[in-house]
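Take a look at the structure set out below.
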Amino acid sequence: MQADIAIVGGGIVGLATAYYLTQKFEDKKIVVLEKESELAFHQTGNNSGVIHSGLYYKPGSLKAKNCIEGYNMLIDFCNENKIPYDLCGKLVVATDKSELGRLRDLYDRGRENGLEGLELLDKEQIKEIEPHLACIQGIRVPQTGIIDYKVVCNKLAEKIELSGGDIHLNTLVRSIDDSGEEVQIVTNKSFVECKMVINCAGLYSDKVASMHLGNIDTKIIPFRGEYYELTTEAEHLVKHLIYPVPDPAFPFLGVHFTRMISGGIEAGPNAVFAFKKEGYKRTDFDFKEFFASLLWPGFQKVMFKYWKTGLGEMYRSFNKKAFTKALQRLIPEIKEEHLVESPAGVRAQACDRTGGLLDDFKLITEKRAIHVINAPSPAATSSLSIGKTIADMVKLD
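Set out below in structure tokens:
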């Protein structure tokens, strides 16, 4: 197969990139290679469906820039294409005095990032909004919303194909060689010859990059995020999205409550080391992938540093009572019987050799390749901005 540009990965970042490339290069052949039988099968289709505002991210970082730009682009895209979303707002709350300093820092960071309408609320003000929520202070973030990112992906795919792009499902990339005049990609079906390859492979972005570059200094470590859905009788306990103040030393936001665009309320996720890159179940195990993570020098340092937190997350994974207790810090009236197990997701968290869990987005750029190595949350919100940024970087002779 001949193409000008091949995108590896049919999640929202890959599709957004392909979409903007078809707009930029109207006379070029753009192809998307997706190993699954449907688009948005992994991280995109198994996240909490939140439109993030940009509250958490360091001003000037790629996350902050792309989240804020991507937020506006996403809202415009949804309005233009009649995709349903709901800017329902969220509360980030402190349940203990020790969290008040971090809460204030978040508020200041949000304002520095240009968020509008942020409110710092006391306990009584929050009770008027969320009467069942236990906290001492909180931030109201009106810009946060909810959406089904699969619907966004389907619309992007439709536009890609209408613009002449091709999407190939059930197409697994096996090798990448750019030693010749063109980049040659070998798949399970045949091969693709192209001028440029863009790696948006999510959980396997490190593996795809290594096919092209050899060993790289970053490894994707999979963390499973497990959810429960509230029973109908408990849904009245939660009216907004409710988040705790995040631990700045850990790259995840903590268990929280999320309204879903399709109805219902999810509680979670936790963050448990997965024994397989696509390990959605506790029993999923892949010998090669497990030991590749375990023997990575950087992850060994992460385990040593966060062993206590990791054990706590693992315990909550296997103990519903402990998971419930974590949720009761926010909503004390939640009971075990209010929680029904819901499908899990798996996050791709990049880890360097020195033990750093990469906080910001990371791209590796080569003459004939761009590798998106780290694109965790808020990548879905940021996807249109990321995709346009990548498209702007691409130069074809």
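In the working numbering, the protein residues as written are 67 to 463.
Quick reminder that beta carbons are idealized off the backbone N, C-alpha and C, glycines included.
Subject >> Nearest residue (CA-CA) to residue 282, options 174, 227, 437 and 458 >> reply: Locating residue 282 in the sequence shown gives position 216, where the first residue counts as 1. Looking at the Cα atoms, 437 is the closest of the given residues.
Subject >> Where the alpha helix (DSSP H) through residue 457 begins and ends >> reply: The residue labelled residue 457 in the question sits at position 391 within the sequence shown. Here the alpha helix (DSSP H) through residue 457 covers 445-459.
**OP:** Count the other CB atoms, across all protein chains shown, that sit within 10 Å of the CB of residue 101; report buried if there are 16 or more and exposed otherwise.
**Re:** For the purposes of this step, residue 101 is taken as residue 35 along the sequence shown, with counting starting at 1. Residue 101 should be labelled buried.
Original post:
By Cβ distance below 7 Å, which residues in the same chain neighbour residue 253 in space, the five residues on each side in sequence not counted?
Top reply: The residue you call residue 253 lines up with position 187 of the sequence shown. So the qualifying residues of the chain are 99, 237, 238, 239 and 240.
**OP:** Could you have a look at residue 358 and say whether DSSP puts it in helix, strand or coil?
**Re:** Taking the first residue of the sequence shown as 1, we reach residue 358 at position 292. The answer is helix: DSSP assigns residue 358 an H, G or I state.
Original post:
So what's residue 293 in DSSP terms, helix, strand or just coil?
Top reply: Within the sequence shown, residue 293 is the residue found at index 227, counting from 1. Looking at residue 293 - three-state DSSP - the assignment turns out to be strand.
Original post:
Is the segment 153-168 touching the segment 204-218, taking contact as three or more C-beta pairs under 8 Å?
Top reply: yes
**OP:** On the DSSP bridge assignment, give the partners of residue 310 in chain order.
**Re:** Against the sequence shown, residue 310 aligns to sequence position 244. In DSSP, residue 310 forms a bridge with 159.
**OP:** Could you tell me if residue 165 is buried or exposed, where buried requires 16 or more neighbouring beta carbons within 10 angstroms of its beta carbon?
**Re:** Position 99 of the sequence shown holds residue 165. It counts as buried.
Subject >> Collapsed DSSP secondary structure at residue 8 in the structure displayed >> reply: The structure shown has nothing for residue 8, since the chain only spans 67 to 463.
Subject >> Cα-Cα separation between residue 344 and residue 355, rounded to whole angstroms >> reply: For the purposes of this step, residue 344 is identified with residue 278 of the sequence shown, where counting begins at 1. For the purposes of this step, residue 355 is identified with residue 289 of the sequence shown, where counting begins at 1. Between residue 344 and residue 355, the C-alpha separation is close to 10 Å.
**OP:** Check whether the segment 254-271 touches the segment 453-462, taking contact to mean three or more Cβ pairs, one atom from each stretch, closer than 8 Å.
**Re:** yes
Original post:
Can you tell me where the alpha helix (DSSP H) with residue 383 in it begins and where it stops?
Top reply: Translated into the one-based positions of the sequence shown, residue 383 becomes position 317. Taken as a continuous stretch (DSSP letters only), the alpha helix (DSSP H) holding residue 383 covers 373-384.
Subject >> Selection from 334, 357 and 380 that minimises the alpha carbon distance to residue 348 >> reply: Mapped onto the sequence shown, residue 348 falls at position 282. Comparing Cα positions, the closest option is 380.
Original post:
Counting Cβ pairs closer than 8 Å, one from the segment 217-235 and one from the segment 138-154, do we hit at least three?
Top reply: yes
Subject >> Three-pair Cβ contact test at 8 Å for the segment 296-303 versus the segment 398-411 >> reply: yes
**OP:** Pick helix, strand or coil for residue 208, following the three-state DSSP scheme.
**Re:** Here residue 208 refers to the residue found at position 142 of the sequence shown. It is coil, neither helix nor strand.
Subject >> Inter-residue spacing [alpha-carbon to alpha-carbon] between residue 275 and residue 305 >> reply: As a working note, residue 275 is residue 209 in the sequence shown. As a working note, residue 305 is residue 239 in the sequence shown. Residue 275 and residue 305: Cα-Cα distance of roughly 43 Å.
**OP:** Check whether the Cβ of residue 68 lies closer than 8 Å to any Cβ atom in chain B.
**Re:** In the displayed structure, chain B is absent; only one protein chain is listed.
Original post:
What is the DSSP secondary structure of residue 88, reduced to helix, strand or coil?
Top reply: The residue you call residue 88 lines up with position 22 of the sequence shown. If DSSP states are grouped into helix, strand and coil, residue 88 belongs with the helices.
Subject >> residue 109, DSSP secondary structure in three states >> reply: Locating residue 109 in the sequence shown gives position 43, counting from the first residue. Three-state DSSP puts residue 109 in coil, outside helix and strand.
**OP:** For residue 199, count neighbouring C-beta atoms within 10 Å of its own C-beta (all shown protein chains included) and say buried if the count is 16 or more, exposed if not.
**Re:** Mapped onto the sequence shown, residue 199 falls at position 133. So residue 199 ends up on the buried side.
Original post:
At what residue ranges does the segment 389-415 contain a whole run of the beta strand (DSSP E), taking only runs of 3 or more?
Top reply: none
**OP:** Answer yes if the segment 100-117 comes into contact with the segment 67-79, meaning at least three C-beta pairs across the two stretches below 8 Å, and no otherwise.
**Re:** yes
Original post:
Should the segment 416-424 be called in touch with the segment 366-377, which here means at least 3 C-beta pairs below 8 Å?
Top reply: yes
**OP:** Put residue 139 into one of helix, strand or coil per three-state DSSP.
**Re:** One-based indexing of the sequence shown puts residue 139 at position 73. Here residue 139 sits in helix by DSSP.
Original post:
From residue 244 to residue 357, what does the alpha carbon distance come to, in whole angstroms?
Top reply: Taking the first residue of the sequence shown as 1, we reach residue 244 at position 178. Taking the first residue of the sequence shown as 1, we reach residue 357 at position 291. Approximately 29 Å between the Cα atoms of the pair.
Original post:
Anyone know if the C-beta pair for residue 212 and residue 117 falls short of 8 Å?
Top reply: Counting from one through the sequence shown, the residue named residue 212 turns up at place 146. Counting from one through the sequence shown, the residue named residue 117 turns up at place 51. Yes, Cβ-Cβ distance for residue 212 and residue 117 is below 8 Å.
Original post:
Name the DSSP beta bridge partners of residue 68, please?
Top reply: Numbered from 1 along the sequence shown, position 2 holds the residue referred to as residue 68. Its beta-bridge partners are 259.
Original post:
Among residues of its own chain, excluding the 5 on either side of residue 139, which ones have a beta-carbon nearer than 8 Å to its beta-carbon?
Top reply: The sequence position of residue 139 within the sequence shown is 73, counting from 1. Here the set comprises 450, 451 and 454.
Original post:
Distance, Cα to Cα, residue 429 vs residue 439?
Top reply: Stepping through the sequence shown from its first residue, residue 429 is reached at position 363. Stepping through the sequence shown from its first residue, residue 439 is reached at position 373. So the two alpha carbons sit approximately 6 Å from each other.
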